[in-house]
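In this text, residue positions in the sequence shown follow my numbering: the first is 3, and each later residue adds one.
Glycine included, C-beta positions come from ideal geometry on N, C-alpha and C.
Here the structure is a predicted model, which means the values were calculated and not measured.
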Amino acid sequence: MKLYKYVSMDVALQIARSNTIGFSLPEFFNDPFDLPLVSLEPSGNPIEEAFARIRAEAKSFIWRQQTAILSLTRTPTNPLMWAHYADAHRGVAIGIDTSAAGLCEVTSNMIPAQYGSVIYARHRPGGPFQSAFREPVIVGETFHFVESHYEKWQRLFLVKPIDWAYEEEVRVVKCIRGVSGNECQSKSGTFSVIKTSGRELHAFHLPQDAIVEMYVGIRADESKVSQLRQFCQGMEVYRGRADSERYGLAWSRTDQ
């Protein structure tokens, strides 16, 4: 499965040089509603519900601290995504082969890419779960995908307000418990933790053949495009232009 990441040109150069991609903690998302929140099932007993609320808040806090998320999208040609996430068309949409990148592995991804489609809704999910939790998991210490907990994890990590539906987002969720420093190996893979602009980014080390496409924005700086091309051997590179007949972008493959 091929998915895309919209970034500025400077970030694209950093990704290309280091062959890493950044996973973010939920607290650094641009949407304040987009935080793991353990849902409660009403019991009818006020005392039980009060204690359940405390436990839910504690679990939510742990999930936020011990999981990191990679946000990808299904299409590299969405004009809104170019405007909002690729530095107003000056950046790049990076195409990633998620299988080659290890992002579909059920043993090292808490939510692999093939299960990471975001659900867009007007209301927060609630009510009883339909699934039976056959296998116990440890909050903040689960590195693999547990199918019987998928419904719960969808509510935690994969539901967003309907206003964001244009993003067509697909997420990969990894447990980052014990990850620190540079080139730290864990059950989730190898990471380098980077502090940038007041936030902590977990840079996941990709295999050499994971990045397969580069879509270059119509306002990209040509000198930086030349720098980027040095890292594009074996990749398909596309250049965009404004379509002359419709409000949209037209793309053509270029020689490297």
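Residues that I23 bridges to, as DSSP identifies them: What you label residue 23 is simply residue 21 of the sequence shown in a count that begins at 1. DSSP lists F206 as partners of I23.
Compare the Cα-Cα distances from E59 to each of S110, L158, G24 and A115 and report the closest residue. Numbered from its first residue, the sequence shown carries residue 59 at position 57. Taking only the C-alpha atoms, the option nearest E59 is L158.
Quickly, what does DSSP pair G93 with across the bridge? List them, please. For this step, residue 93 is matched to residue 91 along the sequence shown. Paired residues: none, contrary to the question.
On the DSSP bridge assignment, give the partners of T69 in chain order. Here residue 69 refers to the residue found at position 67 when the sequence shown is read from its first residue. Its beta-bridge partners are C177.
Proximity test, Cβ basis, 9 Å: S228 and chain C: This model lacks chain C altogether; it includes just one protein chain.
Alpha carbon to alpha carbon, how far is Q232 from V214? Give it in angstroms, no decimals. As a working mapping, residue 214 is identified with position 212 in the sequence shown. As a working mapping, residue 232 is identified with position 230 in the sequence shown. Looking at the two C-alpha atoms, the distance is approximately 14 Å.
Could you pull the DSSP bridge partners for A123 from this structure? Against the sequence shown, residue 123 aligns to sequence position 121. A123 pairs with P163.
Measuring CB to CB, does A85 end up less than 9 Å from L208? The residue given as residue 85 occupies position 83 in the sequence shown. The residue given as residue 208 occupies position 206 in the sequence shown. No.
Might you give, ordered along the chain, the residues of its own chain that have their beta carbon closer than 7 Å to the beta carbon of L5, omitting 5 neighbours on each side? Indexing the sequence shown from 1 puts residue 5 at position 3. Excluding residues within five positions, the ones whose Cβ falls inside 7 Å are L74, T75, R76, I98, T100, A115 and V172.
Can you say whether H204 is buried or exposed, counting buried as having 16 or more other CB atoms within 10 angstroms of its CB? As a first step, residue 204 is located in the sequence shown; it is residue number 202 there, counting from the start. So H204 counts as buried.
Whole-angstrom C-beta distance between I113 and V175, which should lie under 8 Å: As a first step, residue 175 must be located in the sequence shown, where it is residue number 173. As a first step, residue 113 must be located in the sequence shown, where it is residue number 111. The Cβ separation is near 4 Å, so the contact holds.
Could you tell me whether the region 86-95 touches the region 133-144, using the rule of 3 or more Cβ pairs below 8 Å? no
Kindly indicate which three-state DSSP category M3 falls into: helix, strand or coil? Position 1 of the sequence shown, counted from the first residue, corresponds to residue 3. DSSP places M3 in coil when its eight states are reduced to three.
In angstroms, rounded to a whole number, what distance separates the CA positions of S20 and A14? Numbered from its first residue, the sequence shown carries residue 20 at position 18. Numbered from its first residue, the sequence shown carries residue 14 at position 12. Cα to Cα, the separation comes out at about 10 Å.
N-terminal and C-terminal residue of the alpha helix (DSSP H) that A85 is part of: Position 83 of the sequence shown, counting from 1, holds the residue named residue 85. First-last of the alpha helix (DSSP H) with A85: P81 to Y87.
Element boundaries [alpha helix (DSSP H), containing V227]: The residue you call residue 227 lines up with position 225 of the sequence shown. Looking at the DSSP string, the run of the alpha helix (DSSP H) that includes V227 is E224 to R231.
When you compare only the Cα positions, how much space is there between E137 and V108? The residue you call residue 137 lines up with position 135 of the sequence shown. The residue you call residue 108 lines up with position 106 of the sequence shown. Taking the straight line joining both Cα atoms gives about 15 Å.
So I256 and R243 are supposed to be a Cβ contact under 8 Å. How far apart are they, rounded? Start at 1 with the first residue of the sequence shown, and residue 256 comes out as number 254. Start at 1 with the first residue of the sequence shown, and residue 243 comes out as number 241. Looking at the sequence provided, one finds Thr at residue 256 rather than Ile. The Cβ separation is near 11 Å, so there is no contact.
Nearest by alpha-carbon distance to G118: which of K154, S62, A95 and L251 is it? Residue numbering aside, residue 118 sits at position 116 when the sequence shown is read from its first letter. Residue K154 is the option with its Cα nearest to G118.
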